[in-house]
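Enquirer: One structure, pasted below without further comment.
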């Protein structure tokens, strides 16, 4: 993760990536501006902290969608003249021109998502046909906003504490979660799934067989719920029903347990002089270290660090 702090507003403006921006300073209460950025498998996350209000006019890259989320409850944010409610997003389509204005010091989050990661034909139907611009402000989306803020807060912490984070499988896992949230915000929750018509139903046994085959093929790698659904050519809802019936646990719970055991095996054979617990966790797609350690101790009765240290006792 890169973090840059500025006492000069123009220098701050020039540091913001993926935008051809022109920014005007308003009501500086703190002459401090900072921006932190993380690259997650091609998804670019930026967290801005501004000691002022501003008027920011920008042209978005033609190759990416951007999701903008205000973070300061007491400040009014406007995107192309539309006020953003608490927990509402501004969706910036590729190539659009946007003006975001605020009067006071504030924070924000922006994620830039490559267009090719979406099903763009499906996305086009998610916006009102009558709109005359390419900036769309959602209503309040409390659950999505909470997930978005939590995910990115934990990501920033992991990236700040682990220089290898951005090149690890954990970064790709975060990107997959961000894509889910973005698809939900835009209104196309099945964006990553292929569209099929007239498909005959698939049996529970076939779904489980396809899932287990993929898991075995990718032993030692990160597997997501979406990977299993795609392998079985079913929706995540159908996959969840099949797993609940077959294993007594949904696919997300099943994969979390698999991840716990993957980490335990790796720690058991690891040399504590050569690897750290965080190295292993990142390899298996973990970025929320504290939460994972709690789950690990509930399952195995010890902390991950104790497993690693026990290897060479």
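Numbering (my numbering), first residue to last: 1270 to 1582.
For each residue, glycine too, the CB sits at the ideal point set by N, CA and C.
1) Which of helix, strand or coil does DSSP assign to residue 1471?
2) For residue 1476, name the three-state secondary structure that DSSP assigns.
3) Let me know the secondary structure DSSP gives residue 1485 once reduced to three states.
4) What is the C-beta distance between residue 1239 and residue 1508, in whole angstroms, given that I count them as a contact (C-beta under 8 Å)?
5) Could you spell out where the beta strand (DSSP E) holding residue 1272 opens and where it closes?
6) Do residue 1380 and residue 1434 count as a contact pair if the criterion is CB distance below 9 Å?
7) Note the first and the last residue of the continuous alpha helix (DSSP H) segment covering residue 1430.
8) For residue 1369 versus residue 1337, is the C-beta distance shorter than 9 Å?
9) With a 10 Å radius around its C-beta and 16 neighbouring C-beta atoms as the bar for buried, classify residue 1551 as buried or exposed.
10) Please identify the residue among 1367, 1309, 1420 and 1491 whose C-alpha is closest to the C-alpha of residue 1347.
11) Can you give me the start and stop residues for the beta strand (DSSP E) that residue 1309 sits inside?
12) Since residue 1331 contacts residue 1363 with CB under 8 Å, what's their CB separation in whole angstroms?
13) Taking residue 1356 and residue 1414 to be in contact with their CB atoms under 8 Å, please state how far apart those CB atoms are, rounded to whole angstroms.
14) Are the CB atoms of residue 1573 and residue 1533 nearer to each other than 9 Å?
15) Kindly list the residues whose CB is nearer than 7 Å to the CB of residue 1571, restricted to its own chain and excluding five residues on each side of it in sequence; keep chain order.
16) Rounded to whole angstroms, what's the CA-CA distance from residue 1450 to residue 1529? Just pull it up for me.
17) For residue 1296, which residues from the same chain have a beta carbon less than 7 Å from its beta carbon, with the 5 sequence-adjacent residues on both sides left out?
18) Do residue 1495 and residue 1445 come within 9 Å of each other at the CB atom, strictly closer than that value?
19) Under the DSSP definition of a beta bridge, which residues are partnered with residue 1313?
20) Do residue 1520 and residue 1498 have their beta-carbon atoms positioned less than 9 Å apart in this structure?
21) Would you give the residue range spanned by the alpha helix (DSSP H) that residue 1320 belongs to?
22) Please identify the residue among 1327, 1278 and 1277 whose C-alpha is closest to the C-alpha of residue 1403.
23) Just to confirm the assignment, what range does the alpha helix (DSSP H) spanning residue 1333 have?
24) Taking residue 1511 as the reference, which of 1340, 1325, 1542 and 1476 has the closest Cα?
Expert: Here's the rundown:
1) Taking the first residue of the chain shown as 1, we reach residue 1471 at position 202. If DSSP states are grouped into helix, strand and coil, residue 1471 belongs with coil.
2) Within the chain shown, numbered from 1, the residue matching residue 1476 stands at position 207. Correct three-state label for residue 1476: helix.
3) Against the chain shown, residue 1485 aligns to sequence position 216. Looking at residue 1485 - three-state DSSP - the assignment turns out to be helix.
4) Here the chain covers residues 1270 to 1582 and nothing more, so residue 1239 does not appear.
5) Start at 1 with the first residue of the chain shown, and residue 1272 comes out as number 3. Counting along the chain, the beta strand (DSSP E) containing residue 1272 begins and ends at 1271-1275.
6) The residue given as residue 1434 occupies position 165 in the chain shown. The residue given as residue 1380 occupies position 111 in the chain shown. Contact: no.
7) For the purposes of this step, residue 1430 is taken as the residue at position 161 of the chain shown. Here the alpha helix (DSSP H) through residue 1430 covers 1411-1430.
8) Translated into the one-based positions of the chain shown, residue 1369 becomes position 100. Translated into the one-based positions of the chain shown, residue 1337 becomes position 68. Contact: yes.
9) Residue mapping note: residue 1551 aligns to position 282 of the chain shown, counting from 1. Buried is the call here.
10) Within the chain shown, residue 1347 is the residue found at index 78, counting from 1. The shortest Cα separation from residue 1347 among 1367, 1309, 1420 and 1491 belongs to 1367.
11) Position 40 of the chain shown, counted from the start, is the residue given in the question as residue 1309. It spans 1302-1309 - the beta strand (DSSP E) in which residue 1309 sits, taken as one unbroken run.
12) Looking up residue 1331 in the chain shown gives position 62. Looking up residue 1363 in the chain shown gives position 94. About 5 Å separates the beta carbon of residue 1331 from that of residue 1363, a gap short enough to meet the 8 Å contact definition.
13) Here residue 1356 corresponds to residue number 87 of the chain shown, with the count starting at 1. Here residue 1414 corresponds to residue number 145 of the chain shown, with the count starting at 1. Contact flag correct, Cβ pair sits at about 4 Å.
14) For the purposes of this step, residue 1573 is taken as the residue at position 304 of the chain shown. For the purposes of this step, residue 1533 is taken as the residue at position 264 of the chain shown. Against a cut-off of 9 Å, the Cβ pair of residue 1533 and residue 1573 comes out as a contact.
15) For the purposes of this step, residue 1571 is taken as the residue at position 302 of the chain shown. A distance below 7 Å between beta-carbons, with the five flanking residues on each side excluded, links residue 1571 to no residue of its chain.
16) Counted from its first residue, the chain shown places residue 1450 at position 181. Counted from its first residue, the chain shown places residue 1529 at position 260. Cα to Cα, residue 1450 sits roughly 24 Å from residue 1529.
17) Here residue 1296 corresponds to residue number 27 of the chain shown, with the count starting at 1. Result list for residue 1296: 1321, 1322, 1372 and 1373, in chain order.
18) In the chain shown, the residue the question calls residue 1445 occupies position 176. In the chain shown, the residue the question calls residue 1495 occupies position 226. In contact: residue 1445 and residue 1495 (Cβ atoms closer than 9 Å).
19) The sequence position of residue 1313 within the chain shown is 44, counting from 1. Beta-bridge pairing links residue 1313 to 1308 and 1381.
20) To locate residue 1498, count along the chain shown from 1; it is residue 229. To locate residue 1520, count along the chain shown from 1; it is residue 251. Yes; because the gap between Cβ atoms is below 9 Å, this pair is in contact.
21) As a position in the chain shown, residue 1320 is number 51, starting the count at 1. Counting along the chain, residue 1320 falls outside any alpha helix (DSSP H), and DSSP gives it neither H nor E.
22) Counted from its first residue, the chain shown places residue 1403 at position 134. Among 1327, 1278 and 1277, the Cα nearest to that of residue 1403 belongs to 1327.
23) In the chain shown, counting from the first residue as 1, residue 1333 sits at position 64. Premise fails: residue 1333 lies in the beta strand (DSSP E), 1333-1339, not in any alpha helix (DSSP H).
24) Within the chain shown, numbered from 1, the residue matching residue 1511 stands at position 242. Of the listed residues, the one whose Cα sits closest to residue 1511 is 1476.
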